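As given, the protein sequences belong to chains A and B, one line each in that order.
Sequential numbering of the first sequence, starting at 1, is according to this note's numbering.
Sequential numbering of the second sequence, starting at 301, is according to this note's numbering.
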Amino acid sequence: MADPTCEEDSPRPGDVAALLESSRVNSPAAGAGYMAGAMVILVLASLYAASRPEPAWVMLRGAAAMGMLGLLLLMAHRTWLATRGVRRERERLVAIEELLQLRRWPEAAAMLDETLSRPMRTPQGRAQALIYLGSVLSRYHRFADAAAVYEHLLETEPMDEPSAHALRLGRAMAMLRDDRLYDADRAISELRRSPQVPQSGGLALLEIYRDVKTGHPQEAVELFEQKLAVMRQQLGVRVGDAHVLAARAYDLLGRGDQAASHYLDATTLCPLEELRRRYPEVAALEGRYPPAARPAEVQP
Amino acid sequence: MRAEKAIARARRDLLVSTILKSALIGGAALAVVSSASVNIDGTLVLAAVGIAWFVLSYRSVRGSRMAAGSPLLIASGDYEQAEMQIEAALRSFSLFRTVKLLSLHHLAVLRHAQQRWHEAAMLSRAVLGQRLGPLRELSRPSQLILAEALLELGDLQGTYAALCRLYQERLTLAEALTLLGIELDYLARLGDWERMLQGTRQKVQLAELMPTAASAQAQGLLALAAVRSGRAELARWLRRRAELLAEPSELCRRRPALAALWSA
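Structure representation (structure tokens):
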């Protein structure tokens, strides 16, 4: 589903299936077999030459030693190249992460496109890049693609439970935004079985959004009141998302005072346009409740 | 493991690995020089050196992997497991300086997370005192740990010196965020409110990217500066943002000066 309000028109990440394929990590052992073979041949040649006293064979031993030295230097050079490649890849990933944090989406998309369109150096780096790709795709409202990326990571990459939980959250949110309510509900049920559940602010936010989206404001309000502390601790300024969804839920329940209070808190933490972009459902609150005024010193 | 012991052990191991590397390189050079001789088979010696290098490198990689796991454990709060991994990495043999220096740095990160400021400062100084080579990017996080540890220890002069060194570096965004937190804390202790409010908009934007507790503290300190500078509207807005991110009692417990925000 394309977002007509998305101001960052280009460049956008390319074909997701192609990027998943092209970014696969090449085996680092490629070529090592040839090196080992050459080493064995040189040793055997040298041993054979050692049994011959003629000057020509002595020279061959010298040549074999030089060859072995060359081989060792070549190995050292390959190691250096590989290390430099890994370091550059890591630097690129740091740069992409910074662009995402600074909300410079088109530049992040372009860098991800370039990074993922050739084999990556390490599986960890690839997983990281794909997680960033999921974020960018969600930003461009390509929720089906984002869910596919998260699905691919969950199926193919071994990862620790907190990382898997974060990916499942991303996948479920993408499904919810894509109006795949049945799939999202199944994904949420799967999330609830995770050992991270009691402390997960992300899951609480996801469930509140589902309840608001599916017209269950009472459940949304109850969950918000119950989980506000953990969401505040884990989500940082994104706890503003929970406040704006709570405002919408209170509004649906006809509790205007509480809706106004949470709308004020939400807009104290996050710009209104950003909240509207993330949750189109809260656009209904605009004009009915006053947003927080930003002081002149922090006006853009 | 005590910081002094870890530093002494790392220094000793760095010396041993340097000697061993020199011996291997010397052996290889000797093999090439003597390859023409009938008595010594240079190829075999070189192969032996190559195999020894490979085996020792493999052992070093194992140590490196042990060291690599600890930041994640520290981030998840599993300090005991992190301590065990770092200790194992420090005790294991490594041919490369990077493994030892990285382990020492991780120990500094752990002590910083545990708020054992004196040890964190000592370890960071030890890392910064070494020739970092390919690990030169470690110097910035080490300086940041040192600056924060010295600030917590009340050494404002030492903090200032560390901050000055950091201002000359090109920082990553994550490092810039940490630096901003330390700088605000430092300036608040000096009572330099006007300087704290220079570039308020950018500082607030950066504070939004920090982890929750650091973000609440940074915005609380900016609110305090706004109160002291008589900018009431800005102070109210920043104080409310800090309240929405953390309990005021928790903020005041960490930085008692912030109590002034809620006492009026």
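C-beta atoms are modelled at their ideal positions from N, C-alpha and C, and glycine is treated no differently.
Since the structure is predicted, the reported quantities are computational estimates derived from the model, not experimental observations.
{"Check": "Per the contact definition of three or more C-beta pairs closer than 8 Å, is the region 230-242 of chain A in contact with the region 185-196 of chain A?", "Outcome": "no"}
{"Check": "Below 8 Å on the Cβ atoms is my contact criterion, and I expect L479 (chain B) with L471 (chain B) to pass it. Report the Cβ-Cβ distance as a whole number of Å.", "Outcome": "6 Å"}
{"Check": "What runs of the beta strand (DSSP E), each 3 residues or longer, lie entirely inside the region 12-86 of chain A?", "Outcome": "none"}
{"Check": "Can you tell me whether E547 (chain B) is helix, strand or coil according to DSSP?", "Outcome": "coil"}
{"Check": "If distances are taken between C-alpha atoms only, which option among B:G377, B:F396, B:L372 and B:L407 comes closest to A388 (chain B)?", "Outcome": "B:L407"}
{"Check": "So which residues on chain B does Q233 (chain A) lean against when the C-beta distance must stay under 7 Å?", "Outcome": "T512"}
{"Check": "With 16 as the cutoff for other CB atoms within 10 Å, does H77 (chain A) come out buried or exposed?", "Outcome": "exposed"}
{"Check": "Determine, using beta-carbon pairs with one atom in the region 537-544 of chain B and one in the region 510-526 of chain B, whether at least three such pairs fall under 8 Å.", "Outcome": "yes"}
{"Check": "Show which residues of chain A have a CB atom less than 9 Å away from the CB atom of R470 (chain B).", "Outcome": "Result: empty, since nearest Cβ-Cβ is about 12 Å, beyond 9 Å."}
{"Check": "Would you say L551 (chain B) lies against chain A (beta-carbon separation less than 7 Å)?", "Outcome": "no"}
{"Check": "List the whole-angstrom C-beta distance separating L252 (chain A) from P217 (chain A), where the pair is believed to meet the contact cut-off of C-beta under 8 Å.", "Outcome": "4 Å"}
{"Check": "With C-beta atoms as the reference, is A328 (chain B) less than 7 Å away from V355 (chain B)?", "Outcome": "no"}
{"Check": "Quick one: list the residues of chain B neighbouring V86 (chain A), beta-carbon separation under 8 Å, in chain order.", "Outcome": "Residues of chain B passing the Cβ test: none, with the nearest at roughly 11 Å."}
{"Check": "Got a sec, what are the start and stop residues for the alpha helix (DSSP H) F143 (chain A) sits in?", "Outcome": "F143 to T156"}
{"Check": "Can you confirm whether R539 (chain B), when its beta carbon is compared against all beta carbons of chain A, has any partner nearer than 7 Å?", "Outcome": "no"}
{"Check": "Can you give me the C-alpha to C-alpha distance between Q124 (chain A) and R142 (chain A), rounded to a whole angstrom?", "Outcome": "24 Å"}
{"Check": "Which runs of the alpha helix (DSSP H) fall wholly inside the region 222-278 of chain A and span at least 4 residues, in chain order?", "Outcome": "239-252, 256-269 and 272-278"}
{"Check": "Check for me: the alpha helix (DSSP H) holding H136 (chain A) runs from which residue to which?", "Outcome": "A small correction: the amino acid at residue 136 (chain A) is Val; His does not occupy that position in the sequence shown. Its alpha helix (DSSP H) spans residues P123 to R139."}
{"Check": "Strictly below 8 Å CB to CB, what residues from chain A border T565 (chain B)?", "Outcome": "A query on residue 565 (chain B) cannot be resolved here, the shown segment of chain B reaching from 301 to 564 and no further."}
{"Check": "For L410 (chain B), which of B:S424, B:A421, B:F393 and B:I374 has the nearest alpha-carbon?", "Outcome": "B:I374"}
{"Check": "State buried or exposed for Q128 (chain A), treating a residue as buried only when at least 16 other CB atoms are found within 10 Å of its CB.", "Outcome": "buried"}
{"Check": "So, do the region 455-470 of chain B and the region 496-503 of chain B have three or more beta carbon pairs nearer to each other than 8 Å?", "Outcome": "no"}
{"Check": "Tell me where the alpha helix (DSSP H) around Y379 (chain B) begins and ends.", "Outcome": "Y379 to R391"}
{"Check": "Could you please tell me which residues of the region 431-452 of chain B, in chain order, have their CB closer than 7 Å to any CB of chain A?", "Outcome": "none"}
{"Check": "How would you list, in chain order, the residues of chain A whose beta-carbon sits under 8 Å from the beta-carbon of T459 (chain B)?", "Outcome": "Near T459 (chain B) there are no residues of chain A at all, since even the closest Cβ is about 26 Å away, more than 8 Å."}
{"Check": "Would T5 (chain A) count as contacting chain B if we go by Cβ distances under 7 Å?", "Outcome": "Caution applies to T5 (chain A), whose pLDDT of 42 falls short of 50 and renders its modelled position unreliable; the value that the coordinates give is listed next. It does not; no Cβ of chain B falls within 7 Å."}
{"Check": "Helix, strand or coil for E469 (chain B)? Go by DSSP, reduced to three states.", "Outcome": "coil"}
{"Check": "Just by C-beta distance, which residues in the region 45-63 of chain A are closer than 7 Å to chain B?", "Outcome": "S46, A50, V58, R61 and G62"}
{"Check": "Inspect the beta-carbon positions of V282 (chain A) and V244 (chain A) and report whether they are closer than 7 Å.", "Outcome": "yes"}
{"Check": "Take every Cβ of the region 425-438 of chain B, pair it with every Cβ of the region 397-404 of chain B, and state whether three or more of those distances are shorter than 8 Å.", "Outcome": "yes"}
{"Check": "Please compile the residues from chain A whose C-beta is within a distance smaller than 9 Å of the C-beta of L534 (chain B).", "Outcome": "P295, A296, E297 and V298"}
{"Check": "Should T398 (chain B) be counted as a contact of the ligand HEM given a C-beta to heavy atom distance under 6 Å?", "Outcome": "Among the components of this structure there are no ligands whatsoever, and the ligand HEM is therefore not found."}
{"Check": "Report the start-end ranges of each alpha helix (DSSP H) in the region 460-517 of chain B that is 4 residues or longer and not cut off at the edges.", "Outcome": "473-490, 493-496 and 500-508"}
{"Check": "Since Y289 (chain A) sits in a beta bridge, which residues does DSSP pair it with?", "Outcome": "A:E286"}
{"Check": "Taking the C-alpha atoms as reference points, what is the distance between E274 (chain A) and R554 (chain B)?", "Outcome": "32 Å"}
{"Check": "Exposed or buried, what is M59 (chain A) when buried is set at 16 or more other beta-carbons lying within 10 Å of its beta-carbon?", "Outcome": "exposed"}
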